[in-house]
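Numbering (UniProt numbering), first residue to last: 1 to 290. C-beta: ideal position from N, C-alpha, C; glycine also.
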Amino acid sequence: MKKQSISLYITITIIFLISNLLTAQEFKGIATYQTKTTLKLDNFGGRQLSEQQKKQMMERMKSSLEKTYTLTFTQSESMYKEDEKLEVATGGRGRGFMFGGGGSSGPVYKNIKEKQLTQEEEFLGKQFLIQDSLKPIQWKMGSESKQIGQYLCFKATASKPVEGFDWQRNRLGSDDENKDAEKATDSTSANKEVEEKEETPREIEIVAWYTPQLAVSQGPAEYWGLPGLILELSADNTTMLCTKIIINPREVEEIKPLSKGKVVTKEEYNEIMTTKMKEMREMYRQRRNN
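1. Quick one: what does DSSP say L65 is sitting in, helix, strand or coil?
2. Would you identify the three-state DSSP class for Q218, choosing helix, strand or coil?
3. Identify the continuous alpha helix (DSSP H) that holds K135 and give its terminal residues.
4. So which of Y109, E84, K67 has the shortest CA-CA distance to W224?
5. Just to confirm before moving on: does the CB-CB distance between K256 and Q127 stay below 8 Å?
6. Which residue from E120, Q213, E84 puts its Cα closest to that of I230?
7. Output needed for G29: all residues of its chain with C-beta closer than 6 Å, excluding positions within five of it in sequence on either side, in chain order.
8. Check whether the Cβ atoms of K160 and I204 lie closer than 8 Å to each other.
9. For a test of the three-state rule: what should DSSP assign to Y284, helix, strand or coil?
10. Taking just the CA atoms, how far does Y151 sit from Q131?
11. Excluding the five sequence neighbours on either side, which residues of its own chain have a C-beta within less than 6 Å of the C-beta of T239, listed in chain order?
12. Whose C-beta lies closer than 6 Å to the C-beta of K244 among residues of the same chain, with five residues either side of it excluded?
13. Give a yes or no on whether the C-beta atoms belonging to K278 and L124 are separated by under 8 Å.
14. Are the beta-carbon atoms belonging to C153 and S145 less than 8 Å from one another?
15. Determine the DSSP secondary structure at T200, reduced to helix, strand or coil.
16. Taking the beta strand (DSSP E) that S78 belongs to, which residues open and close that run?
Next comes the structure, spelled out in structure tokens:
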């Protein structure tokens, strides 16, 4: 308890001193994040694959599971987007899907002062512009600390329900789904079990490491609300790690709200995505039964 009190006292002191320094000048920064998503192929109907086949499949999916993002931020605004890179021709385009609750595939704009969130998402060939309020995250502050690069970071945790289509729970043709279907005596009871399972959103645990040395309440994707920049964050099966920070760069891209796509709220977008994915899953089941 004594060590925790000392740590909290040091944190508050650092925040106070740095905040005073930051208010004396216009503060801007650019942070680079490496993200990695782990995917268990067994959960997606891959138990019949050999280890070599799984390895080859994971290698092909590497570009979708390992990405680089840039967070451009001030004390009140931020823009988080994937770094552009040349893609190998695959006969199609699009950002792909995020497996789990660890972030977004499209750019995210946050305005802390106005409590505003704007996000662009491409889904099944359609462009959406998500406009919503910036919802607070109920962080639990901890006294545990670690060094990330030159910055002293402190741990904070939170939990939240998965929004939209839950890839971990609703998998197209997964082994778990097939087992559930075998256990059910008829299609009616099978559908009832699935519906009951989907009614209660799955909770995911979030672990964040923030540094009071950079006293901005910003972070990657939709995450924010801590007394310092979030340098590392784990949510569900995705980890985001800051690998580079530039403070007050000579040239920085202007931060402004996004504007491309059909305007929807977060709730509306989640409903559209969930409905379409359920339709695709039902089509898969029918083909499988036939």
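Per the coordinate set shown:
1. helix
2. coil
3. Bounds of any alpha helix (DSSP H) do not take in K135, whose DSSP letter is neither H nor E.
4. Y109
5. no
6. Q213
7. F73, I247
8. yes
9. helix
10. 33 Å
11. Within the same chain, T239 has close Cβ partners K36.
12. T32
13. no
14. Cβ atoms of C153 and S145: closer than 8 Å.
15. coil
16. 77-82
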